[in-house]
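Participant:
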Amino acid sequence: MSRLRIEPVTEATLEDWRHAHNVIIPDDPLTLDEIRERAGRNHLEVAYADGELIGCSTVRPPRDGSPVATVIVRVLPAHRRRGYGEEMYARSAAHARALGASVVETVVLASNTDGLRFAESHGFTEVERYYPPEGGGPFITLSRS
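Numbering-wise (our numbering), the sequence shown opens with residue 6 and increments by one.
(1) Would you kindly check if the distance between the Cβ of I59 and the Cβ of L9 is under 8 Å?
(2) Give the straight-line distance between the Cα atoms of E133 and A74, rounded to the nearest whole angstrom.
(3) What separation, rounded to the nearest whole angstrom, lies between the Cα atoms of P34 and G70?
(4) State the DSSP-derived secondary structure class of Y136, mapped to helix, strand or coil.
(5) For S126, is the classification buried or exposed, using 16 other Cβ atoms within 10 angstroms of its Cβ as the cut-off for buried?
(6) Rounded to whole angstroms, what's the CA-CA distance from P31 to S107? Just pull it up for me.
(7) Tell whether a beta-carbon distance below 8 Å holds between R85 and D38.
(8) Measuring only the C-alpha atoms, how far is M6 from E92?
(9) Are A124 and Y89 touching if we call contact CB-CB under 8 Å?
(10) For the alpha helix (DSSP H) holding A124, just list the boundary residues, first then last.
(11) Can you tell me which of the three DSSP states L58 falls into?
(12) According to the neighbour-count rule (16 or more other Cβ atoms, all chains shown, within 10 Å of its Cβ), is A95 buried or exposed?
(13) Helix, strand or coil, according to DSSP, for S148 in the structure here?
(14) Specify the secondary structure class of A2 as computed by DSSP and reduced to three states.
(15) Where do the ends of the alpha helix (DSSP H) carrying V28 lie?
So this is what it looks like as structure tokens:
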């Protein structure tokens, strides 16, 4: 049985998703309206343990015949290294594969050393770095087949 309660984002959980995202990616904070828009094209989930917010995830489905889906799992710093990220990643990757992805990418803010370590330990390798036009630190795109 799962230690986490993971559920799709609803209007009632938008603020929790936003909070987790903005804590982990302070260089690119999102508004509730931006999250609503993303929820219309991506699969967004929030995760809780014992009623406490643990983190959030995004699955960007393959588009235009591409075999690539993007899976991003964000675990709040106080809850890392407890296996929550593992459980969230497994669920999100399975969702991506069910959508037809044969390749999974992820995107990590370069300053998030825990996130980079997690991705690399799961077989992801860097394929690109980019700087958002608004400024801030680089984002690293990593991929695995």
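Where is the CB? At the ideal position from N, CA and C, for every residue including glycine. The structure presented is a predicted model; accordingly, all values stated were derived computationally and were not measured.
Facilitator: Short version:
(1) For the purposes of this step, residue 9 is taken as the residue at position 4 of the sequence shown. For the purposes of this step, residue 59 is taken as the residue at position 54 of the sequence shown. One thing to note: L9 has its Cβ within 8 Å of the Cβ of I59.
(2) Your numbering for residue 133 matches position 128 in the sequence shown. Your numbering for residue 74 matches position 69 in the sequence shown. Taking the straight line joining both Cα atoms gives about 15 Å.
(3) In the sequence shown, counting from the first residue as 1, residue 34 sits at position 29. In the sequence shown, counting from the first residue as 1, residue 70 sits at position 65. Their Cα atoms are separated by approximately 30 Å.
(4) Position 131 of the sequence shown, counted from the start, is the residue given in the question as residue 136. Three-state DSSP puts Y136 in coil, outside helix and strand.
(5) Position 121 of the sequence shown, counted from the first residue, corresponds to residue 126. Burial call: exposed.
(6) Stepping through the sequence shown from its first residue, residue 31 is reached at position 26. Stepping through the sequence shown from its first residue, residue 107 is reached at position 102. Cα to Cα, P31 sits roughly 31 Å from S107.
(7) Counted from its first residue, the sequence shown places residue 85 at position 80. Counted from its first residue, the sequence shown places residue 38 at position 33. No, these two residues do not count as a Cβ contact at 8 Å.
(8) Counting from one through the sequence shown, the residue named residue 6 turns up at place 1. Counting from one through the sequence shown, the residue named residue 92 turns up at place 87. Residue placement at M6 cannot be trusted, given a pLDDT of 48 that sits under 50; the coordinates are not used to answer.
(9) Taking the sequence shown and counting its residues from 1, the one referred to as residue 124 is at position 119. Taking the sequence shown and counting its residues from 1, the one referred to as residue 89 is at position 84. Taking a C-beta distance under 8 Å as the contact criterion, A124 and Y89 do not qualify as a contact pair.
(10) In the sequence shown, the residue the question calls residue 124 occupies position 119. Segment T118 to S126, the alpha helix (DSSP H) holding A124.
(11) The residue you call residue 58 lines up with position 53 of the sequence shown. L58 falls in the strand class under three-state DSSP.
(12) As a working mapping, residue 95 is identified with position 90 in the sequence shown. Counting Cβ neighbours within 10 Å, A95 comes out exposed, since fewer than 16 surround it.
(13) Reading the sequence shown from its first residue, position 143 is the one you call residue 148. Note: S148 maps to strand in three-state DSSP.
(14) Residue 2 is absent from the structure shown; the chain starts at 6 and stops at 150.
(15) As a first step, residue 28 is located in the sequence shown; it is residue number 23 there, counting from the start. Looking at the DSSP string, the run of the alpha helix (DSSP H) that includes V28 is L19 to I29.
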